[in-house]
Amino acid sequence: MTDCALKSELKAAQKDAMRAKDKDRLKTLRSILSAIKDVEVNERIELDDARVIAVLDKMQKQRNDSIAQFDAAGRDDLSEVEKKELEVIKQFLPAQLTDQEIDQLIDQAISETGASSMREMGQVMGRLKPQLQGRADMAVVSKQIKAKLS
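In terms of the numbering used here, the sequence shown opens at residue 46 and continues consecutively.
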């Protein structure tokens, strides 16, 4: 199988960071590629772009959680490291959707699934997740769906 485009882009960025002697960026890119490799080895598959985006999305959530915890603990030094890593991760994620775009997609998914109560929230989330992966915070989307279905 051939590499996916996003993985190739990450490898090229890693080489560029090596040439530029950008240690911080290189460290983050290596951790991204390592996380991708872990999934590939564990599941014995070659990841496509959608799965690579899922890995990046997970890493983005981890960084956001760490930043919040470090800020709460007054550890600005550690928070800054996480923020720099987050910036590198975001460069490889698709552009974030606006609240209005997310709202339209939620309305569309609700009408397509015919969902009318909280019991059908899983169907709505199932329809939205592939469209929103890496492009929106799914926790926020979940809250918006709950508000519309209740």
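Each residue gets a CB set at the ideal place from its N, CA and C atoms; glycine is no exception.
- For the alpha helix (DSSP H) assignment, the uninterrupted runs of no fewer than 4 residues enclosed by the region 109 to 165 are, from N- to C-terminal side, 121 to 135, 144 to 158.
- Between Gln189 and Ile151, the CB-CB gap stays under 8 Å.
- The Cβ atoms of Val169 and Leu177 lie no closer than 8 Å to each other.
- Between the alpha carbons of Lys72 and Glu165 lies a gap of roughly 42 Å.
- Ranked by how close their Cα comes to the Cα of Glu157, the residues Ile147, Thr143, Leu173, Gln145 have Leu173 in first place.
- In the structure shown, Leu101 adopts helical secondary structure according to DSSP, grouped into three states.
- A direct Cα-to-Cα measurement between Lys66 and Ala95 gives close to 30 Å.
- Distance from the CA atom of Ala117 to the CA atom of Gln105, rounded to whole angstroms, is 18 Å.
- Across the set Ala184, Lys103, Ala140, Arg120, the C-alpha of Lys103 shows the shortest separation from the C-alpha of Val84.
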